[in-house]
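The sequence shown runs 2 to 478 under the working numbering.
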Amino acid sequence: MTTRQFPAGFTWGTATASYQVEGAAHADGRGLSIWDTFCATEGQIDDGSNGDVACDQYHRYLGDIALMTELGVGAYRFSVAWPRVQPQAGEPVNQAGLDHYSRLVDALLAAGIKPVVTLYHWDLPQYLEDAGGWPERQTAVRFGDYAALVARRLGDRVDTWTTLNEPWCSAYLGYAAGEHAPGRRDHAAALAAAHHLNLGHGLAVQAVRAEVGDRARTSVTLNLTQAYPATDSALDRAAADQIWRIDNDIWLKPMLEGAYDPQLWADTAQVTDWAFVRDGDLATIRQPLSVLGLNYYSPVTVRPLPGAVPAARTADCPVVRPGTEAIEVLAPTGPLTDMGWSQEPRGLTDLLVRLARTYPGLELMVTENGSAFVDTVSPDGLVHDPERVAYLAAHIEALGQALDAGAPVSGYFAWSLLDNFEWARGYTKRFGLFRTDYDTLERSWKDTARWYQALVRSNRAPESDWSSARSGQPPAV
Ligand code: FCB
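Structure, rendered in structure tokens:
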């Protein structure tokens, strides 16, 4: 039995990020990033690990492209490591770093796989953090310069230019919650970071278009939050609306409408006066976008915090989102993934449909979606991972429902091509279609990879409860 047929020309891909897969931390003149520093700080990474070796994709990219060819995917979303391109402050561009990405792009094109490049997937050069990081305006300016260097070198060989990956995480996990590099806990700095990430996005789009021409396909990837109100009460709905502003509109409105929502500034008035927003910034931030990338894993459910707000919530910033001390994010329920995230595919449909209604005509892509589960290698040498297959199938069906509702979604990228360094969780969480053996660095097939292969080769979703453990066979292609 087969299920949904997807539109002709729909792009199926896989995604990774430089620090999570490349390894080769000292190869070809790479400089330090904030993640090198953060990993070296006692207690920040669950297993005490780092990205020094990771999946060694820096050296093994040809093998990984061969796997993608076997899968049949049409696109690969990867990121360029800024510290490989500009390793040291004030020094000339490191051609050896750019050479790597040039070879990678050529190899992808030779395999018929479209390169979808992310310019910034969190690995800020450490010297820029030492100068203040994203809360400083100068970091945005430097990001524009770096984008120009990469665009000049890779030029029109790149299919899609994505400026930032999930600025939400850079700003709030990095500068408010301290869970990600650089590990700061300062809500005012986090909002300054958010604005300068927006500004950096605008400057990077300008730089790419200046180098490649107006035909450049430009994009940004946002991890927008689908926040459901705990009940239908006005107060719960107001809490969900506030989350929408601080999580989503803070990026969407400046990038797509050239303005911040005055209510967002009111929500955060206790945190900052937004004086870092200068005349002309919003015009710079609003640049032509060919496609909006959405990363989706799980929604949240919110309501006003019952009772008074404990002082501890404001004292040392354990609250992730600035200005939301009085909002409670409920603990996730249902069968959770190994990340502790709920599995609610309807959140993906709801987000895509809302985006399509708010920004009619804007092309959308799901640039990340996937799940971590504990994997075991079976005696047959394979990983039978029915939970991951079910997650993927349910979310791809949710995407299909958004298409049915008229959302112009043109592609889907499974996170991730292979198990990799999962940030503060280290190597303890496995998101891969392929298993990475961290002792030998060998890659092996999981059932999810076989299921995805059947989907991308036929453009039709196989039945979702398929498992090679049960059938002994991969799904029919
Ligand atoms: C996203 C990140 C990606 C990966 C997944 C699980 O927030 O963009 O690098 O870690 O989560």
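C-beta: ideal position from N, C-alpha, C; glycine also.
Beta-ladder partner(s) of Ala16, from DSSP | Arg78, Trp416
Tell me whether the beta-carbon of Ala82 lies closer than 9 angstroms to the beta-carbon of Gly98.
-> yes
Beta carbon of Pro88 nearer than 9 angstroms to that of Leu105 | no
By DSSP, does Gly294 sit in helix, in strand, or in coil?
-> strand
Euclidean distance between Cα positions of Ala111 and Gln139 = 38 angstroms
Burial state of Thr15 (16 or more Cβ within 10 Å) = buried
Sequence-distant residues of the same chain with beta carbon closer than 8 angstroms to Met2, five excluded per side = Low confidence applies here, because Met2 scores a pLDDT of 49, under 50, leaving its location unreliable and the question unanswered by this model.
If you run the structure through DSSP and keep just helix, strand and coil, what is Arg218?
-> coil
Selected residue, minimal CA-CA separation from Leu352, among Asn199, Gln227, Ala90 = Gln227
Between Trp245, Gln207, Gly73, Asp339, which lies nearest to Leu109 when the distance is taken from Cα to Cα?
-> Gly73
Straight-line gap, Leu204 to Phe144 (C-alpha atoms, nearest Å) = 8 angstroms
Looking only at C-alpha atoms, which of Val151, Asp440, Ala28 sits nearest to Ser80?
-> Val151
Please specify which runs of the beta strand (DSSP E), each continuous and at least 3 residues long, are wholly inside the stretch 23-108, giving them in chain order.
-> 76-80
Other residues of its chain near Arg431: CB distance less than 6 angstroms, five sequence neighbours each side excluded | Ala373, Asp376, Asp420
With which residues is Ala111 paired in a DSSP beta bridge?
-> Bridge partners of Ala111: none, in fact.
Does the stretch 346-361 come close enough to the stretch 194-210 that 3 or more CB-CB pairs lie under 8 angstroms?
-> no
Tell me, please, which residues DSSP counts as bridged to Phe435.
-> Leu419, Trp446
Would you say Glu167 touches ligand 1, meaning its beta carbon is less than 8 angstroms from a heavy atom?
-> yes
Would you be able to state if there are at least three C-beta pairs under 8 angstroms between the stretch 42-54 and the stretch 15-32?
-> yes
In terms of residue numbering, what span does the beta strand (DSSP E) encompassing Leu165 cover?
-> 161-166
Go through its chain and collect everything with a Cβ distance to Asn224's Cβ below 6 angstroms, but skip five positions before and after it.
-> Glu167, Trp169, Asn296
Pick helix, strand or coil for Ala399, following the three-state DSSP scheme.
-> helix
What does DSSP give as the partner residues of Ala191 in its beta bridges?
-> Bridge partners of Ala191: none, in fact.
Determine the direct distance from the alpha carbon of Ala309 to that of Trp123, and round the result to whole angstroms.
-> 36 angstroms
Quickly, what does DSSP pair Glu329 with across the bridge? List them, please.
-> Arg304
What first and last residue would you give for the beta strand (DSSP E) that runs through Thr359?
-> That residue, Thr359, is in no beta strand (DSSP E); its alpha helix (DSSP H) goes 347-359.
If you measure from the CB of Asn95, is any heavy atom of ligand 1 nearer than 8 angstroms?
-> no
Where do the ends of the beta strand (DSSP E) carrying Glu137 lie?
-> It is not in any beta strand (DSSP E) - Glu137 carries neither H nor E in the DSSP assignment.
By Cβ distance below 7 angstroms, which residues in the same chain neighbour Trp342 in space, the five residues on each side in sequence not counted?
-> Tyr298, Ser299, Pro333
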